[in-house]
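These protein sequence lines are chains A and B, in that order.
Numbering follows the numbering used here, in which position 63 of the first sequence is assigned residue number 63; successive positions increment by one, without gaps.
Add 164 to the 1-based position in the second sequence for the numbering used here, that's all there is to it.
Built from N, CA and C at the ideal position, the CB exists for glycine as well.
What follows is a single structure, written as structure tokens, with notes after it.
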Amino acid sequence: MSVRIEKVDLPGIGTRHDVITTEGRRLGVISHRSGDREIAMFDQGDPDSCSDSIHLSDDEAIALSEVLGTSLMLGQFSHLGDKTTGLFTEQIILPANSPFAGKTLGDTKARTRTKASIVAILRGSEVVPSPAPQDGLEAGDIIVAVGTKQGLEALSSLLCDDKP
Amino acid sequence: MHSLAILLIEVGALLVLLGFLSRLATKVGVSAIPLYLVLGLVVGGSGILVEGESTEFLEIGSELGVILLLVMLGLEYSASELVTNLKSSRAAGIVDLVANGAPGFAIGMLLGWGVVASVALAGITYVSSSGVIAKVLRDLGRLGNRETPTILSILVIEDLVMAFYLPVLSVLLLGAGLVQGGITLGISLLAVVAILIMALRFGDHISKLFSAEHPESLLLGVLGLTLLVAGIAQQVNVSSAVGAFLVGIALSGQVAARAEKLLSPLRDLFAAAFFLFFGLSTHAPDIVPMILPALALALVSMGTKVWSGYLAAKWAGIGVLGRWRSGLTLTARGEFSIVIAGLAVGAGAQPLLAPLATAYVLLTVMIGPLVARIPETTWFKNWALKQ
């Protein structure tokens, strides 16, 4: 399926790409020359103006694009989630300030500590299925985990809080 | 006291004050230019400065300030951006030029200042402040808006028009006869076109002279080339500012991006010196009789700017609210109006141009960002949509 994207030059500032969704909404991505990005949501009442714009740093833009780009793959994982069994899947993006960025999976002792199990690591277009304890973790990795609600919450705070 | 000691004390104290003013401006969210001008007026009027020493230094600094302002402007745009914008928004650019040059020219003639000063005044009312407007667009979160490219392309065209307007003004200011003036003008415009074509065709090769990898050599090299070309341009009456602008256009890619970063602290320093010096050399009491003409000029020329901006957005297929937004955003005049006034007064045109330009820029640069906010209000939206 083709998607309509319009490119507009902003002399002195950078460029803007507009995506028009099938619902008719318009979403703009402003790329500043400095490398900063901005996402602009166009107003429905006045389609020329944006109702809000969100500033993203380089890292945030990359992380967001990875989430959007891998959503199809993650959708397949989430079929596991079945309310009757009480088992859920979750995708956690490893933040740059995580104590485990640059460490290995084994260092997290995640399974012992939280009872949640990490079933895959997504890094860009690369997938590490059933990662082993010696596999490395990097900031921006998407960690796919299976567990109970409490287990997943504990895992998320273990990985994302900057205090170990 | 030793003259070097006086120079250091005076310049140092002024820079400290400028630093505080810049911080204040950032805190309040306004442009620092009017504050620098006012500081210059106050210090100049008080007569604290010892004759000669630091004013000479600031004068050279202010010349460098103009050159750096223009080279940075050129670095911001690539040659191809200039050409595409010129093609796509030509009609809007012409309306902008005529509608906003006319009030300045008319008031100059009404005041009986003669054709040359009136042409200078036309330039002062024509150019919007790209610095102030870009800041307003950022502050109001309008970079994503659909009318923003229209606003920016008008600013680009205005800057390109400056490359031809400044040489014309320089020749007029020389006051040579019709034939002699015509020849000088011909030579200078030919030089502008030649450099512009060279920038378009061989910009890549010129950029290759420098390496983006070595910050120090890049800074020295680009600054050197800018001053060299500015000096040559000055010699053939093209005005040093235009020479600097064309160097900025010619550089592209990585080299331009890095040079922009390296030169911007220098630009901040010397541009501040320029605005300060302009205030210093303006006779403060002259401003009082110029307040009314400046106010009239500000009201009329802000009105014409709104109209030309509205029209430009309309032609670009923007809705009613967006048209008002572009018109009202473009009203602020700033750095280049002062550059034109400085050039004219420096060449011995009507001395009252300086106080008039000061009062005019102070008014528009303060009111402009305020009126740019009007389209955000509910009552304005309702009113505009009813029309």
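What are the partner residues of residue i, as DSSP defines its beta bridges?
i                     : result
residue 55 (chain A)  : A:38
residue 508 (chain B) : Paired residue(s): none; residue 508 (chain B) is not in a bridge.
residue 147 (chain A) : A:88
residue 160 (chain A) : Its beta-bridge partners do not exist; DSSP assigns none.
residue 359 (chain B) : Answer is none; residue 359 (chain B) lacks a bridge partner.
residue 142 (chain A) : A:93 and A:122
Would DSSP call residue i helix, strand or coil?
i                     : result
residue 103 (chain A) : coil
residue 369 (chain B) : helix
residue 531 (chain B) : helix
residue 18 (chain A)  : strand
residue 254 (chain B) : helix
residue 284 (chain B) : helix
residue 113 (chain A) : helix
residue 537 (chain B) : coil
residue 92 (chain A)  : strand
residue 518 (chain B) : helix
residue 213 (chain B) : coil
residue 482 (chain B) : coil
residue 136 (chain A) : strand
residue 476 (chain B) : helix
residue 502 (chain B) : helix
residue 376 (chain B) : coil
residue 122 (chain A) : strand
Could you give the distance in angstroms between the alpha-carbon of residue i and the alpha-carbon of residue j?
i                     : j                     : result
residue 474 (chain B) : residue 193 (chain B) : 26 Å
residue 423 (chain B) : residue 146 (chain A) : 51 Å
residue 302 (chain B) : residue 50 (chain A)  : 13 Å
residue 388 (chain B) : residue 493 (chain B) : 36 Å
residue 25 (chain A)  : residue 18 (chain A)  : 10 Å
residue 379 (chain B) : residue 469 (chain B) : 41 Å
residue 471 (chain B) : residue 522 (chain B) : 24 Å
residue 39 (chain A)  : residue 461 (chain B) : 39 Å
residue 130 (chain A) : residue 144 (chain A) : 10 Å
residue 453 (chain B) : residue 20 (chain A)  : 55 Å
residue 547 (chain B) : residue 396 (chain B) : 54 Å
residue 115 (chain B) : residue 431 (chain B) : Because chain B spans 165 through 551 in this model, residue 115 (chain B) falls outside it and cannot be assessed.
residue 126 (chain A) : residue 425 (chain B) : 36 Å
residue 270 (chain B) : residue 504 (chain B) : 17 Å
residue 318 (chain B) : residue 539 (chain B) : 20 Å
residue 265 (chain B) : residue 533 (chain B) : 21 Å
residue 393 (chain B) : residue 400 (chain B) : 11 Å
residue 403 (chain B) : residue 500 (chain B) : 14 Å
residue 195 (chain B) : residue 181 (chain B) : 16 Å
residue 415 (chain B) : residue 234 (chain B) : 13 Å
residue 117 (chain A) : residue 56 (chain A)  : 31 Å
residue 314 (chain B) : residue 513 (chain B) : 35 Å
residue 190 (chain B) : residue 332 (chain B) : 36 Å
residue 336 (chain B) : residue 23 (chain A)  : 59 Å
residue 509 (chain B) : residue 228 (chain B) : 17 Å
residue 384 (chain B) : residue 373 (chain B) : 12 Å
residue 174 (chain B) : residue 210 (chain B) : 14 Å
residue 149 (chain A) : residue 246 (chain B) : 57 Å
residue 321 (chain B) : residue 249 (chain B) : 7 Å
residue 524 (chain B) : residue 446 (chain B) : 13 Å
Just reading off the beta strand (DSSP E) that residue i is part of, what are its end residues?
i                     : result
residue 4 (chain A)   : 4-10
residue 31 (chain A)  : 26-32
residue 126 (chain A) : 126-129
Looking at the secondary structure, which residues open and close the alpha helix (DSSP H) in which residue i lies?
i                     : result
residue 435 (chain B) : 417-445
residue 408 (chain B) : 404-414
residue 331 (chain B) : 312-338
residue 394 (chain B) : 379-399
residue 13 (chain A)  : Counting along the chain, residue 13 (chain A) falls outside any alpha helix (DSSP H), and DSSP gives it neither H nor E.
residue 189 (chain B) : 167-192
residue 300 (chain B) : 294-303
residue 309 (chain B) : Counting along the chain, residue 309 (chain B) falls outside any alpha helix (DSSP H), and DSSP gives it neither H nor E.
residue 277 (chain B) : No alpha helix (DSSP H) holds residue 277 (chain B); DSSP gives it neither H nor E.
residue 496 (chain B) : Run containing residue 496 (chain B): none; DSSP gives neither H nor E here.
residue 196 (chain B) : First-last for residue 196 (chain B): undefined, no H or E at that position.
residue 548 (chain B) : 542-550
Is the Cβ of residue i closer than 9 Å to any Cβ of chain D?
i                     : result
residue 299 (chain B) : Of the protein chains in this structure, namely A and B, none is chain D.
Report, in whole angstroms, the separation of the C-beta atoms of residue i and residue j, which I expect to be a contact under 8 Å.
i                     : j                     : result
residue 413 (chain B) : residue 363 (chain B) : 5 Å
residue 46 (chain A)  : residue 316 (chain B) : The Cβ separation is near 19 Å, so there is no contact.
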